[in-house]
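Residue numbers (the working numbering): 420 to 807.
Some notes on the structure that comes next.
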Ligand code: GLA
């Protein structure tokens, strides 16, 4: 029987794998992005929140220089020496774990005199659903080692460490949204990130107060950011910025769109228009939430989805169907979330419609002969923490 992941279950698997109890257990959550897609690596605005699905990391001390990482599902622990840590040595799932240790070294942490650790990982963040299962692993490991090794790094510094691990050890050219949500999130709040300013602000979401639930509709169309599509969009954005003579697309606003249209080829223009308008939608969403509450943000979610579908072209028919069906059946708003090309869509829905909307989406998928989606609610939750 596979134990349901929890603090106690992770500690128990640690003991089973290593033969002694862990010194402590930490956890970090996955995330949902409410709005602001592909804006993070364009120095823009992003508004994700941490969810209750988490990855736990139990840690024990060693006296030699070996790092070991195990997970309930795997029979054997992965192993690497602190003396041989480099992105090229790291492969498979343990790259997420050991990559963080390597990235700590790159960030200036002196790893030379440090003893190794044993790590046990367990997660209930669904894999490949666009909910940042990878960032949850990285952030749990980073916070655990920051505490255990008494490194004194701030959470913002840990965000950079985890992003470096993702970019260089895992090889996915992502921005810092996922790691920021996982390390900085708080219950009932979104994390408004201004990447150019390097700042973040917690904004109350009030979903529960307004009797709203956040539905995740995982299309089960798999995606991976180390694959081509994500990198190709990033390259288009960089090309657009270079051709417009700016250091990043953040330097451009809606008023610049006619000039951008006159300068760029049609496709690059649409990529850039998505980023420029999406930054504005993030600002508008936060302002609308503050002024009128979450029931008023539906149109912004819809506009964001349309922009990703038509301008940025990162949606797939399953995501479009989930979004359209949720809205047709009473959702306040819906959009795909995450990097795109598969993964999940979200819908903000009145509590009493959760089941009806879920059923309608299941039926619509059956009608189109799509693989059945995995539909569940998530709650804006606390970010990474020590649990035991
Ligand atoms: C993935 C990346 C993030 C971000 C989103 C798109 O989740 O990891 O950095 O770029 O895609 O918004």
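For glycine and all other residues, C-beta sits at the position ideal for the given N, C-alpha and C.
Which residues in the same chain as residue 605 place their Cβ atom closer than 7 angstroms to its Cβ, once the five residues preceding and following it in sequence are excluded?
-> Excluding positions up to five away in sequence, the list reads 621, 801, 802.
Within 9 angstroms, strictly: CB atoms of residue 744 and residue 807 = no
Residues of its chain near residue 522, where Cβ-Cβ distance is below 6 angstroms and the 5 sequence neighbours each way are ignored = 580, 583, 584
Under 8 angstroms from any heavy atom of the ligand GLA, does the C-beta of residue 457 make it?
-> yes
Out of 674, 799, 590, state which residue places its alpha-carbon closest to the alpha-carbon of residue 696.
-> The shortest Cα separation from residue 696 among 674, 799, 590 belongs to 674.
Residues in its own chain within less than 8 angstroms of residue 789 by CB, not counting five upstream and five downstream?
-> Spatial neighbours of residue 789 in its own chain (CB-CB distance under 8 angstroms, excluding positions within 5 residues in sequence) are listed in chain order as 638, 736, 737, 740.
Enumerated in chain order, which unbroken segments of the alpha helix (DSSP H) with a length of 4 residues or greater are wholly contained in the region 671-728?
-> 676-682, 685-711
Does the Cβ of residue 364 have 16 or more other Cβ atoms within 10 Å, making it buried, or fewer, making it exposed?
-> Absent from the model: residue 364. The displayed extent of the chain is 420 to 807, so no value can be given.
State yes or no: is the C-beta of residue 446 nearer than 8 angstroms to some heavy atom of the ligand GLA?
-> no
Quickly, what does DSSP pair residue 487 with across the bridge? List them, please.
-> Its beta-bridge partners are 498, 537.
Using only the heavy atoms of the ligand GLA, determine whether one of them is closer than 8 angstroms to the beta carbon of residue 515.
-> no
Whether residue 548 touches residue 634 by CB criterion (9 angstroms) | no
For residue 423, does the count of other Cβ atoms within 10 angstroms reach 16, so buried, or fall short, so exposed?
-> exposed
Within this structure, are the beta carbons of residue 722 and residue 692 separated by less than 9 angstroms?
-> Not closer than 9 angstroms, so no.
Residue 728 versus residue 551: straight-line alpha-carbon distance, rounded | In this model, residue 728 and residue 551 are separated by some 21 angstroms (Cα to Cα).
Which runs of the alpha helix (DSSP H) fall wholly inside the region 531-609 and span at least 4 residues, in chain order?
-> Fully enclosed alpha helix (DSSP H) runs of no fewer than 4 residues occupy 552-567, 574-583, 596-603 of the region 531-609, in order along the chain.
So residue 810 packs on residue 479, CB below 8 angstroms; how close in whole Å?
-> In the structure as shown, the chain begins at 420 and stops at 807. Residue 810 is therefore absent and cannot be evaluated.
Please list, in chain order, all residues of the same chain as residue 776 whose beta carbon is under 7 angstroms from its beta carbon, the five residues on each side excluded.
-> 634, 745, 748, 749, 750, 766, 768
Exposed or buried, residue 661, counting other C-beta atoms within 10 Å across all chains shown (16 or more means buried)?
-> exposed
Three or more C-beta pairs closer than 8 angstroms, one from the region 445-463 and one from the region 493-511: is that the case here?
-> By the Cβ criterion, the region 445-463 is not in contact with the region 493-511, since fewer than three pairs of Cβ atoms, one from each stretch, lie closer than 8 angstroms.
Same chain only: Cβ atoms within 8 angstroms of residue 513, ignoring 5 sequence neighbours per side | 488, 497, 499
Any non-hydrogen atom of the ligand GLA closer than 8 angstroms to residue 698 Cβ | Because no heavy atom of the ligand GLA lies under 8 angstroms away, the Cβ of residue 698 does not count as near it: no.
If you check the beta carbons only, do residue 600 and residue 452 fall under 9 angstroms apart?
-> yes
Smallest Cα separation from residue 427: which of 438, 664, 443?
-> Taking each of 438, 664, 443 in turn and checking the Cα distance to residue 427, the smallest one comes out for 443.
Return helix, strand or coil for residue 639, following the three-state DSSP convention.
-> coil
Per-residue DSSP class, three states only, for residue 464 | strand
Taking 8 angstroms as the line, does the beta carbon of residue 597 fall inside it for any heavy atom of the ligand GLA?
-> yes
For the putative contact between residue 669 and residue 615, defined by C-beta atoms under 8 angstroms, what is the C-beta separation to the nearest angstrom?
-> 5 angstroms
Using DSSP with H/G/I as helix, E/B as strand and the rest coil, what is residue 612?
-> strand
Does DSSP put residue 521 in a helix, in a strand, or in coil?
-> DSSP places residue 521 in helix when its eight states are reduced to three.
Which of helix, strand or coil does DSSP assign to residue 449?
-> strand
Quick one: give me the first and last residue of the alpha helix (DSSP H) that residue 620 is part of.
-> Premise fails: residue 620 lies in the beta strand (DSSP E), 618-623, not in any alpha helix (DSSP H).
What are the boundary residues of the beta strand (DSSP E) that includes residue 796?
-> 793-797
beta-carbon residue 593 near the ligand GLA non-hydrogen atom, thresh 8 angstroms = yes
May I ask you to list the residues that DSSP assigns as paired with residue 444?
-> 477
So, does the CB of residue 617 fall closer than 9 angstroms to a CB anywhere in chain D?
-> Of the protein chains in this structure there is only one, and it is not chain D.
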